[in-house]
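*Asks:*
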Amino acid sequence: MGEQAVRIMVVDDHPMWREGVARDLTDEGFDVVATADGVGAAARRAQAVTPDVVLMDMQLPDGTGAEATAKVLAVSPNSRVLVLSASDERDDVLEAVKAGATGYLVKSSSKAELVDAVRATAAGQAVFTPGLAGLILGEYRRIAAAPDAGPNVPSLTARETEVLRYVAKGLSSKQIATRLTLSHRTVENHVQATLRKLQLGNRVELTRYAIEHGLE
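For the sequence shown, full-length UniProt numbering begins at 1 and goes up steadily by one.
(1) Let's see if you can read the secondary structure: which residues bound the alpha helix (DSSP H) around G65?
(2) Return the Cβ separation of A46 and V54 in integer angstroms, given the expectation that the two are a contact with Cβ distance under 8 Å.
(3) What's the gap between the Cα of residue 221 and the Cα of V49?
(4) Here's a check: name, in chain order, each residue in its chain whose Cβ is nearer than 8 Å to the Cβ of P51, leaving out the five neighbours to either side.
(5) Provide the residue span of the alpha helix (DSSP H) that contains M16, from first to last.
(6) Quick check on DSSP: helix, strand or coil for G40?
(7) Given 8 Å as the limit, is there contact between the stretch 16–23 and the stretch 121–132, that is, 3 or more CB pairs closer than that?
(8) When the Cα atoms are used, what is the spatial distance from R23 to V163?
(9) Going along the chain, which residues of its own chain have a beta-carbon closer than 8 Å to the beta-carbon of I176, five neighbours each way excluded?
(10) Measure the beta-carbon distance from L132 to T194 and round it to whole angstroms, keeping in mind my assumption that it falls under 8 Å.
(11) DSSP three-state label for A101, please.
(12) For the stretch 58–78 against the stretch 89–104, are there 3 or more C-beta pairs whose distance is under 8 Å?
(13) Tell me which residues share the same chain as A5 and place their Cβ nearer than 8 Å to its Cβ, disregarding the 5 neighbours each side in the sequence.
(14) Applying the 10 Å Cβ sphere with the 16-neighbour rule, what's the burial state of E89?
(15) Give me, in chain order, the residues of the same chain whose beta-carbon lies closer than 7 Å to that of V72; leave out the 5 immediate sequence neighbours on both sides.
(16) Between the C-alpha atoms of S173 and L84, what's the straight-line distance to the nearest angstrom?
(17) Grab me the residues of S108's own chain with a C-beta within less than 6 Å of its C-beta, minus the 5 sequence neighbours each way, in chain order.
(18) What residue does the alpha helix (DSSP H) around L55 start on, and which one ends it?
Next up, the structure:
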């Protein structure tokens, strides 16, 4: 019970939706420290309160959710952005991820799915509405297959690549261990080896790398 509540900022230009989400998360024990209705307000408030997780809409009056994501992370780099949008359009999803979002959930998701996604995002996992992870990986796989993309991808073993694919889907080390019939320690060793090879600092960066390069 002594754990500090995850600090949330909700960015959406529809007051009833914004307040409803904030209320639902508060009821679940999260600490909603700020709300914002646009790109400018999101950046200002993120800088002031440095939330753990930012729930981000994609359609805002003064810009896009991708623009807001980039600006929020510029002033609060330790925040994690989970997009919560009515749109599941490919371009919206890709732009959000490129801007630094670590997850993307559609607004038709249930309250339970939202709560689970916020918890997972706070824990450093990548969370995507089913189907969207495949869309993103497929797109970046196409980009990575371009003739000039090959030399930029360090050499990973087949097992490291397999583990990396599951990391990109948002699975924890324990879940990956179960899928691959490996020990939790072995999976963690593969993750750490991959981080070293790719010169990345953590699982969030690793997830983003996997998405950007379409590794499988």
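Quick reminder that beta carbons are idealized off the backbone N, C-alpha and C, glycines included.
Note that this is a predicted model, so its numbers are computed, not measured.
*Replies:* Taking the geometry as given:
(1) As a first step, residue 65 must be located in the sequence shown, where it is residue number 65. It spans G65 to V75 - the alpha helix (DSSP H) in which G65 sits, taken as one unbroken run.
(2) Locating residue 46 in the sequence shown gives position 46, counting from the first residue. Locating residue 54 in the sequence shown gives position 54, counting from the first residue. Going by Cβ atoms, the distance from A46 to V54 rounds to 7 Å, so yes, they are a contact pair.
(3) Outside the modelled stretch of the chain, which goes from 1 to 216, sits residue 221, for which no answer is possible.
(4) Within the sequence shown, residue 51 is the residue found at index 51, counting from 1. Taken in chain order, the residues that qualify are R7, I8, M9, V33, A34, S76 and S79.
(5) In the sequence shown, residue 16 corresponds to position 16, counting from 1. Start and end: P15 to D27.
(6) Here residue 40 refers to the residue found at position 40 when the sequence shown is read from its first residue. Look at G40 here: in three-state DSSP terms it is helix.
(7) Touching, no.
(8) Here residue 23 corresponds to residue number 23 of the sequence shown, with the count starting at 1. Here residue 163 corresponds to residue number 163 of the sequence shown, with the count starting at 1. Between R23 and V163, the C-alpha separation is close to 37 Å.
(9) Position 176 of the sequence shown, counted from the start, is the residue given in the question as residue 176. The answer, listed in chain order, is V163, Y166, V167, L182 and V187.
(10) Taking the sequence shown and counting its residues from 1, one reaches residue 132 at position 132. Taking the sequence shown and counting its residues from 1, one reaches residue 194 at position 194. About 23 Å; that fails the 8 Å criterion.
(11) Here residue 101 corresponds to residue number 101 of the sequence shown, with the count starting at 1. Assigned with DSSP and collapsed to three states, A101 falls in coil, not helix or strand.
(12) The stretch 58–78, when compared against the stretch 89–104, does touch it at the 8 Å Cβ threshold.
(13) For the purposes of this step, residue 5 is taken as the residue at position 5 of the sequence shown. Excluding positions up to five away in sequence, the list reads G29, F30 and D31.
(14) Stepping through the sequence shown from its first residue, residue 89 is reached at position 89. E89 comes out exposed.
(15) The count along the sequence shown starts at 1 and reaches residue 72 at position 72. Contacts found: A42, A43, A46, V54, S79 and V81.
(16) As a working note, residue 173 is residue 173 in the sequence shown. As a working note, residue 84 is residue 84 in the sequence shown. Taking the straight line from one Cα to the other gives about 25 Å.
(17) Along the sequence shown, one-based indexing puts residue 108 at 108. No residues qualify anywhere along the chain.
(18) As a first step, residue 55 must be located in the sequence shown, where it is residue number 55. That residue, L55, is in no alpha helix (DSSP H); its beta strand (DSSP E) goes V53 to M56.
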